[in-house]
DNA sequence: GCCGTTTTCGGCCCGACTGTTTTCAGTCG
């Protein structure tokens, strides 16, 4: 059994314990043991003694060892004998937790969605202690809605929705500063809901305006400090608005950015100092409450270097930040964009317009990388047009003395493993990207043969969007990314982190492994329009999630360093 | 169930909101 499977089993045990009404700390202990395993960066094979890990004790280490040896757990088996597995599914229903499910099972023999719905319809639920008419109605509604609401939505979808919401929040006079919080602010690829923190002196008025101006389909909850609504924008999405006073804005933002696990780490740290953290501030030992003007200041108070939202996942970020600055990549480290398209293939703006926009962004250089001839749908360039394009690149370059446009191409790796241009053509270009746009259904061996051919070509400097995935839409081709990282390292080929919100390809997890292997990363927008140039921020944040440092990113090189890189021949990393 | 140069017992992160209650349990994040 691999680590992920073991963690899942520990979580399942916790769910069972929750439903049978076990001591909540015992429930939490199984979850914590799982988290402790996840935080440990070693593989299961690399861990000699699981009980030596903090948070894993006698019982949990026994369960883990059993799972490793046999794939089964005696604790889990006996729980499975006690109550039906189908009850676990009920935990997905809003408003139901272990206690209530336990009551429903014992009193009404409810075992799954169907029997719960019947019990509600027959009015038997409202008679139970702790349940009432309203609960019964809510449960019925939650069962209905659960069927047509996806459990998680992609960062692409949620970013679009967040932008719409923000454009409206900006028009509300009762609201001062506001910020995204939660998973979206941390840059997670998928999430269940949206969170915003709003600064206001008039919570009542702010809440009224929000409900008037946003397309809200239902108000789930409303209090003095927060409102929760459902917005219908194709999917029904739950959105939380947390209302904070100007003084408590930063601590509230920190609290609702999470993650929950990160907050727990921070509160432990506070507790050791005799202090207490809440969304309202930090309560000192003498009882005085203090607030902060930035999150940076908040972390400094605890003797920590700043921890960006992207790595607040409750792993070891607090320990790391205590030792030294995390040194993660920031948007301001980016000096150029190495992947963009113009009207010569499928872009919407001319070469001159795109170059001007890149320069206006403050970049020192950019690479023009239109599509190659085989990508007919994108009007890929023939050898003739590609060579003609060099003249236009030279003309545009002559316009600037503080910006360099490099000539390049995004060349297709064909299904048979050959490349779309000969080396005689490629050697005339400054920067060659290779990527797969066809025959996604090939076997892993065939896909890897293509990627290997590209890596071994002396002119290919970068593999773009290495997995071909589209978040929430398609999983990509069958690439073995572990193997690709080895090939990239051997051949000195960089790997892309494509910043497009629909791609984020490679993912944070994979770029982290690439960095560990010494492979350089290029964070590119793959812009087809001027607006898309701004997607760089999301790419950088995804890299930060993978703990990427600027020195491992190709497009953090200064103008001079990048010019040298272009001139040099490929060598292994 | 786990943990400890404050402790081997008694804590375990903290608060909002809802619906059920007449002061609080359960759920959620």
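In the numbering used here, the protein residues as written are -5 to 567. Where a beta carbon is used, it is the ideal one built from N, C-alpha and C, also for glycine.
Beta-carbon spacing of residue i, residue j below 8 Å
{"i": "residue 455", "j": "residue 485", "result": "no"}
{"i": "residue 97", "j": "residue 80", "result": "no"}
{"i": "residue 373", "j": "residue 340", "result": "yes"}
{"i": "residue 360", "j": "residue 399", "result": "yes"}
{"i": "residue 292", "j": "residue 248", "result": "yes"}
{"i": "residue 527", "j": "residue 352", "result": "yes"}
{"i": "residue 390", "j": "residue 358", "result": "no"}
{"i": "residue 459", "j": "residue 506", "result": "no"}
{"i": "residue 312", "j": "residue 263", "result": "yes"}
{"i": "residue 378", "j": "residue 411", "result": "no"}
Assigned exposure category for residue i - 16 Cβ within 10 Å defines buried
{"i": "residue 321", "result": "exposed"}
{"i": "residue 569", "result": "Because residue 569 is not part of the residues shown, which for the chain are -5 to 567, the question remains open."}
{"i": "residue 94", "result": "buried"}
{"i": "residue 492", "result": "buried"}
{"i": "residue 416", "result": "exposed"}
{"i": "residue 176", "result": "buried"}
{"i": "residue 223", "result": "buried"}
{"i": "residue 67", "result": "buried"}
{"i": "residue 394", "result": "exposed"}
{"i": "residue 325", "result": "exposed"}
{"i": "residue 46", "result": "exposed"}
{"i": "residue 103", "result": "exposed"}
{"i": "residue 565", "result": "exposed"}
{"i": "residue 193", "result": "buried"}
{"i": "residue 514", "result": "buried"}
{"i": "residue 146", "result": "exposed"}
{"i": "residue 302", "result": "buried"}
{"i": "residue 245", "result": "buried"}
{"i": "residue 275", "result": "buried"}
{"i": "residue 569", "result": "One cannot answer for residue 569 here, as it falls past the ends of the chain, which runs -5 to 567."}
{"i": "residue 130", "result": "buried"}
For residue i, the first and last residue of its enclosing beta strand (DSSP E)
{"i": "residue 404", "result": "398 to 406"}
{"i": "residue 190", "result": "187 to 194"}
{"i": "residue 225", "result": "220 to 227"}
{"i": "residue -3", "result": "It is not in any beta strand (DSSP E) - residue -3 instead sits in the alpha helix (DSSP H) that spans -3 to 13."}
{"i": "residue 457", "result": "454 to 457"}
{"i": "residue 96", "result": "Here residue 96 belongs to no beta strand (DSSP E); instead the alpha helix (DSSP H) covers 92 to 102."}
{"i": "residue 300", "result": "No beta strand (DSSP E) contains residue 300, which DSSP labels as neither H nor E."}
{"i": "residue 565", "result": "Where residue 565 is concerned, there is no enclosing beta strand (DSSP E), given that its DSSP letter is neither H nor E."}
{"i": "residue 518", "result": "515 to 518"}
{"i": "residue 216", "result": "210 to 216"}
{"i": "residue 425", "result": "425 to 429"}
{"i": "residue 277", "result": "275 to 277"}
{"i": "residue 490", "result": "488 to 492"}
CB-CB length for residue i against residue j, believed under 8 Å
{"i": "residue 253", "j": "residue 317", "result": "The pair is not a contact, with the Cβ atoms about 21 Å apart (cut-off 8 Å)."}
{"i": "residue 335", "j": "residue 295", "result": "About 47 Å; that fails the 8 Å criterion."}
{"i": "residue 13", "j": "residue 92", "result": "5 Å"}
{"i": "residue 465", "j": "residue 159", "result": "Not confirmed; about 20 Å, so no contact."}
{"i": "residue 83", "j": "residue 132", "result": "17 Å between Cβ atoms; not a contact."}
{"i": "residue 483", "j": "residue 447", "result": "Residue 483 to residue 447, Cβ: 17 Å. No contact."}
{"i": "residue 342", "j": "residue 522", "result": "6 Å"}
{"i": "residue 550", "j": "residue 499", "result": "Their Cβ separation, rounded to whole angstroms, is 20 Å, which puts residue 550 and residue 499 out of contact at 8 Å."}
{"i": "residue 323", "j": "residue 516", "result": "About 12 Å separates the two Cβ atoms, so there is no contact after all."}
{"i": "residue 151", "j": "residue 77", "result": "At roughly 36 Å, the Cβ-Cβ gap does not stay under 8 Å, so residue 151 and residue 77 are not in contact."}
Unbroken alpha helix (DSSP H) run spanning residue i, endpoints
{"i": "residue 548", "result": "Here residue 548 belongs to no alpha helix (DSSP H), and DSSP marks it neither H nor E."}
{"i": "residue 24", "result": "18 to 33"}
{"i": "residue 179", "result": "176 to 180"}
{"i": "residue 79", "result": "Per DSSP, residue 79 belongs to no alpha helix (DSSP H) and is neither H nor E."}
{"i": "residue 271", "result": "Where residue 271 is concerned, there is no enclosing alpha helix (DSSP H), although the beta strand (DSSP E) it sits in stretches over 270 to 272."}
{"i": "residue 502", "result": "502 to 510"}
{"i": "residue 354", "result": "345 to 354"}
{"i": "residue 359", "result": "Careful: residue 359 lies outside any alpha helix (DSSP H), inside the beta strand (DSSP E) at 359 to 362."}
Given residue i as reference, the closest of the options once Cα atoms are compared
{"i": "residue 503", "options": "12, 35, 330", "result": "35"}
{"i": "residue 209", "options": "370, 264, 49, 155", "result": "155"}
{"i": "residue 319", "options": "480, 124, 297, 308", "result": "297"}
{"i": "residue 44", "options": "0, 171, 196, 362", "result": "0"}
{"i": "residue 273", "options": "261, 266, 280", "result": "261"}
{"i": "residue 240", "options": "277, 284, 268", "result": "284"}
{"i": "residue 4", "options": "28, 538, 449, 546", "result": "28"}
{"i": "residue -5", "options": "7, 33, 37, 9", "result": "37"}
{"i": "residue 518", "options": "404, 477, 474", "result": "404"}
{"i": "residue 418", "options": "553, 433, 453", "result": "453"}
{"i": "residue 173", "options": "2, 236, 113, 199", "result": "236"}
{"i": "residue 532", "options": "328, 457, 115", "result": "328"}
{"i": "residue 112", "options": "65, 430, 137", "result": "137"}
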